[in-house]
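Asker: Below is a structure I'd like to ask you about.
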Amino acid sequence: MEETTPRKKRILSGIQPTGTFTLGNYIGAVRNWAKLQDEFECLYMVADLHALTVRQNPADLRRNTRDAAAMLLAAGIDPKQSLLFVQSHVPAHTQLNWILCCNAQFGELSRMTQFKDKSAKHPDNVNGGLFTYPCLMAADILIYNADLVPVGQDQTQHLELTRNVAQRFNSAYSDTFVLPEGYTTKEGAKVMSLQEPTKKMSKSDTNVNGFILMSDDADTIMRKFKRAVTDSEGIVRYDPAAKPGVSNLMSIYQVFTGKDVAAIEREFDGCGYGDFKVAVAQSVIDALAPIQQEFNRIVADKAYVDSVLAAGAEGANRIAGRTMQKVYRKVGLMQL
Ligand code: ATP
Ligand code: LTN
Numbered sequence: 032m033e034e035t036t037p038r039k040k041r042i043l044s045g046i047q048p049t050g051t052f053t054l055g056n057y058i059g060a061v062r063n064w065a066k067l068q069d070e071f072e073c074l075y076m077v078a079d080l081h082a083l084t085v086r087q088n089p090a091d092l093r094r095n096t097r098d099a100a101a102m103l104l105a106a107g108i109d110p111k112q113s114l115l116f117v118q119s120h121v122p123a124h125t126q127l128n129w130i131l132c133c134n135a136q137f138g139e140l141s142r143m144t145q146f147k148d149k150s151a152k153h154p155d156n157v158n159g160g161l162f163t164y165p166c167l168m169a170a171d172i173l174i175y176n177a178d179l180v181p182v183g184q185d186q187t188q189h190l191e192l193t194r195n196v197a198q199r200f201n202s203a204y205s206d207t208f209v210l211p212e213g214y215t216t217k218e219g220a221k222v223m224s225l226q227e228p229t230k231k232m233s234k235s236d237t238n239v240n241g242f243i244l245m246s247d248d249a250d251t252i253m254r255k256f257k258r259a260v261t262d263s264e265g266i267v268r269y270d271p272a273a274k275p276g277v278s279n280l281m282s283i284y285q286v287f288t289g290k291d292v293a294a295i296e297r298e299f300d301g302c303g304y305g306d307f308k309v310a311v312a313q314s315v316i317d318a319l320a321p322i323q324q325e326f327n328r329i330v331a332d333k334a335y336v337d338s339v340l341a342a343g344a345e346g347a348n349r350i351a352g353r354t355m356q357k358v359y360r361k362v363g364l365m366q367l
């Protein structure tokens with residue numbers, strides 16, 4: 032009898048082209064994406080439609096979108112193994128978005144902390160897209176029946192909403208969507224700002240010393256780490272509540288050296304924060320250097336990046352189109 036090989040679990044994740052990626056994006060999300068490619072069937076997406084929830088300069092958005100794809104390739108996404116595409120190149124995402132908006136409640140959308148944070152940050156532009164942002168994200172995930180979604184900790188609430196909406200749809204219209212699980216690594220799920228270590232590191236921070244960009248050169252990285260806010264205790268000790276700055280630096284160092292917290296405490300026992308900060312900065316410089324080199328090579332070849340994205344869009348459209356047909360039929364839209 033013929034053996035049937037079980038389908039590989041499917042992964043989908045996305046990142047917004049709202050600027051150059053930060054170390055937080057890399058550690059919390061992108062770094063894991065390449066590693067997952069052997070074990071899973073992966074789809075990775077540049078979420079350009081999500082970026083529109085905040086006012087964008089059109090020329091910058093276009094450039095940032097291609098740059099984001101080039102950075103993902105540089106960080107190890109292999110287009111022979113995975114589908115890499117741009118969200119707006121797959122129209123079915125916006126079609127499913129509408130259906131899911133009609134199945135998501137005002138109350139649950141109002142509770143999303145990202146909506147509250149971004150509304151407070153942009154009080155002059157609290158638009159409908161910002162409010163329904165999680166429905167589009169749910170559509171991104173559910174349209175591929177993704178099993179796993181590798182994201183940073185800040186996205187867990189959106190994933191919970193995705194599962195709730197999917198479950199609601201399934202019970203109203205019969206089993207349609209896979210309920211996705213989040214995939215978050217223990218270390219680095221939330222990288223904090225270097226200037227305000229109780230806030231997450233964000234590329235839209237107005238204080239540029241708060242974040243490290245993946246494109247920052249060695250001098251800039253060293254300078255930003257030397258300026259990082261710590262405390263007056265002078266002891267390298269892991270205690271996120273009492274010592275958020277030092278603990279954040281330790282977490283970053285842990286990611287790039289593989290050393291555990293106890294080993295890091297021993298390594299810097301009796302040293303001041305100066306040596307420690309230099310070591311953390313150097314580990315980041317060493318980790319980013321090869322990615323930056325690859326990025327510069329890849330981004331110069333516009334035709335290559337575009338051809339990868341065209342192939343990615345074709346593959347993604349094929350899967351998404353099938354789901355959409357099924358969904359339209361199930362909710363009772365007339366078929367011709
Ligand atoms: P913005 O600052 O424009 O809101 P962002 O930096 O939060 O954007 P996104 O595109 O929204 O970036 O996120 C991409 C991925 O990076 C998500 O999986 C998110 O969870 C992760 N991520 C973002 N910031 C961090 C952080 N500080 N630590 C860990 N993961 C993060
Ligand atoms: N909302 C995400 C980006 C994103 C995403 C997705 C992540 C858009 N669509 C689908 C995972 C799956 C964010 O990081 N802010």
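Numbering (this note's numbering), first residue to last: 32 to 367. We put the CB at the ideal spot given by N, CA and C, even for glycine. Keep in mind that this is a model prediction, so the values were computed, not measured.
1) Ligand 2 and GLN188: does the residue's C-beta get closer than 8 Å to at least one heavy atom of that ligand?
2) Tell me whether the beta-carbon of ALA310 lies closer than 9 Å to the beta-carbon of TYR335.
3) Can you list, in chain order, every residue whose CB sits closer than 5 Å to a heavy atom of ligand 4?
4) Can you tell me whether DSSP reads CYS166 as helix, strand or coil?
5) Among LYS39, MET102 and ARG194, whose alpha-carbon lies nearest the alpha-carbon of THR53?
6) Whose CA, out of ALA344, THR84, GLU218 and SER150, lies closest to the CA of THR288?
7) Leaving out the 5 sequence neighbours to the left and right, which residues in its chain are closer than 6 Å to TYR164 when beta-carbon positions are compared?
8) Let me confirm a value: THR125 is counted as buried when at least 16 other C-beta atoms fall within 10 Å, else exposed. Which label applies?
9) What three-state label does DSSP hand LYS66 in the structure shown?
10) Cβ of ILE172 within 9 Å of Cβ of PRO211?
11) If distances are taken between C-alpha atoms only, which option among ALA169, GLY45, SER44 and VAL61 comes closest to LEU319?
12) Hey, could you find the ends of the alpha helix (DSSP H) MET253 is sitting in?
13) Would a C-beta distance cut-off of 9 Å place PHE208 and ASN176 closer than the cut-off?
14) Would you call the CB atoms of MET253 and GLN313 closer than 9 Å?
15) Quick one: complete beta strand (DSSP E) runs, 3+ long, within the segment 107 to 154?
16) List the endpoints of the continuous beta strand (DSSP E) containing SER44.
17) Which first and last residues belong to the beta strand (DSSP E) in which GLU72 is found?
18) Rounded C-beta distance between ARG268 and GLU296? I'm assuming under 8 Å.
19) Output the distance between the C-alpha atoms of ASP79 and THR229, rounded to the nearest integer angstrom.
20) Please list the terminal residues of the continuous alpha helix (DSSP H) segment that includes PRO372.
21) Please report the straight-line C-alpha distance between ALA249 and GLY59, rounded to a whole angstrom.
22) Just to confirm my understanding: we take ARG328, look at its own chain, exclude 5 residues before and 5 after, and list those with CB closer than 7 Å. What are they?
23) Whole angstroms is fine: what's the gap from VAL339's alpha carbon to THR51's?
24) Within the same chain, show all residues whose beta-carbon is closer than 6 Å to that of ILE316, passing over the 5 residues directly before and after it, in chain order.
25) Once DSSP output is grouped into helix, strand and coil, what is the label at LYS308?
26) With a threshold of 8 Å, are at least 3 pairs of Cβ atoms found where one atom belongs to the segment 67 to 75 and the other to the segment 126 to 140?
27) For LEU225, does the count of other Cβ atoms within 10 angstroms reach 16, so buried, or fall short, so exposed?
28) Going by other Cβ atoms of all chains shown within 10 Å of its Cβ, with 16 needed for buried, is MET143 buried or exposed?
29) Would you call the CB atoms of MET223 and PRO275 closer than 9 Å?
30) Indicate whether VAL77 and GLN112 have their beta-carbon atoms separated by less than 9 Å.
31) Exposed or buried, what is MET365 when buried is set at 16 or more other beta-carbons lying within 10 Å of its beta-carbon?
Answerer: According to the data block:
1) Not one heavy atom of ligand 2 lies closer than 8 Å to the C-beta of GLN188.
2) With respect to TYR335, ALA310 sits apart: the two C-beta atoms are not nearer than 9 Å.
3) Looking at this structure, you won't find ligand 4 anywhere; what it does contain is ligand 1 and ligand 2.
4) Look at CYS166 here: in three-state DSSP terms it is helix.
5) Scanning LYS39, MET102 and ARG194 for the CA closest to the CA of THR53 turns up MET102.
6) Considering only alpha carbons, the answer is GLU218.
7) Residues of the same chain with a CB within less than 6 Å of the CB of TYR164, apart from the 5 flanking positions on each side, are THR84 in chain order.
8) Taking all protein chains in view, the Cβ of THR125 is surrounded by fewer than 16 other Cβ atoms within 10 Å, so the residue is classified as exposed.
9) Correct three-state label for LYS66: helix.
10) Closer than 9 Å, so yes.
11) It is VAL61 whose Cα lies nearest to the Cα of LEU319.
12) Boundaries of the alpha helix (DSSP H) around MET253: 249 to 257.
13) Yes, the pair counts as a contact, with Cβ atoms nearer than the cut-off.
14) In this structure, GLN313 lies closer than 9 Å to MET253 by Cβ.
15) Fully enclosed beta strand (DSSP E) runs of no fewer than 3 residues occupy 114 to 117 of the segment 107 to 154, in order along the chain.
16) 41 to 46 is the span of the beta strand (DSSP E), which, as asked, contains SER44.
17) Counting along the chain, the beta strand (DSSP E) containing GLU72 begins and ends at 72 to 77.
18) A Cβ-Cβ separation of about 6 Å places ARG268 in contact with GLU296 under the 8 Å criterion.
19) Approximately 28 Å between the Cα atoms of the pair.
20) An answer regarding residue 372 cannot be provided, because it is not within the stretch 32 to 367 covered by the chain.
21) Straight through space, the alpha carbons of GLY59 and ALA249 are spaced by roughly 21 Å.
22) Correct list: empty, nothing qualifies.
23) Approximately 20 Å, taken between the alpha carbons.
24) These residues qualify, in order along the chain: ALA249 and ILE252.
25) When DSSP states are grouped into helix, strand and coil, LYS308 belongs to the helix group.
26) No, because fewer than three Cβ pairs between the segment 67 to 75 and the segment 126 to 140 fall closer than 8 Å, the two stretches do not touch.
27) Buried, by the Cβ-count rule.
28) Its Cβ being crowded by 16 or more others within 10 Å, MET143 is buried.
29) Taking 9 Å as the cut-off, the Cβ atoms of MET223 and PRO275 count as close.
30) No, they are not a contact pair.
31) Burial is judged here by how many other beta carbons sit within 10 angstroms of a residue's own beta carbon; MET365 has fewer than 16 and is exposed.
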